[in-house]
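Novice: Numbering (the working numbering), first residue to last: 2 to 113. The beta carbon of each residue, even a glycine, is placed where N, CA and C say it ideally should be. I'd like to ask some things about the structure below.
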């Protein structure tokens with residue numbers, strides 16, 4: 002189970018998905034900026050590292066888009082190519098994550 006305490010004192014439940022391999026995926030979409038604290042428990046006991054704290058910053062008014070064939074389908078052991086357009090993103094860094102049943106290698110080329 003999980004619980005997120007927001008800076009205002011409100012409490013939210015993260016989405017926890019059992020990956021059926023001894024791990025879980027935890028997703029939480031923040032609605033407030035500031036310092037948050039998340040408890041993750043198994044059998045009513047904190048997991049190692051819980052509770053954890055994280056900071057949420059205000060989202061800028063920038064705009065990021067992605068397009069290309071790699072976003073709609075992929076082939077095992079073949080690159081799934083797509084483009085991320087950050088031209089109107091505003092300040093900040095770019096991070097990428099690929100989710101799936103196995104580890105994915107990510108290569109990134111700056112087309113600037």
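Over the uninterrupted beta strand (DSSP E) stretch that includes residue 7, give me the two end residues.
Specialist: For the purposes of this step, residue 7 is taken as the residue at position 6 of the chain shown. Taken as a continuous stretch (DSSP letters only), residue 7 belongs to no beta strand (DSSP E), as it is neither H nor E.
Novice: If we ignore side chains and look at the alpha-carbon of each, how far apart do residue 23 and residue 17 end up?
Specialist: Locating residue 23 in the chain shown gives position 22, counting from the first residue. Locating residue 17 in the chain shown gives position 16, counting from the first residue. Rounded to the nearest angstrom, the two C-alpha atoms are 13 Å apart.
Novice: For residue 55, which of 111, 103 and 8 has the nearest alpha-carbon?
Specialist: By 1-based counting over the chain shown, the position of residue 55 is 54. Measuring from the Cα of residue 55, the nearest candidate turns out to be 8.
Novice: Give the straight-line distance between the Cα atoms of residue 67 and residue 35, rounded to the nearest whole angstrom.
Specialist: Mapped onto the chain shown, residue 67 falls at position 66. Mapped onto the chain shown, residue 35 falls at position 34. Rounded to the nearest angstrom, the two C-alpha atoms are 28 Å apart.
Novice: Could you work out which residue in 102, 86 and 69 is closest to residue 111 when comparing CA atoms only?
Specialist: If you number the chain shown from 1, residue 111 lands on position 110. The shortest C-alpha separation from residue 111 is found at 86.
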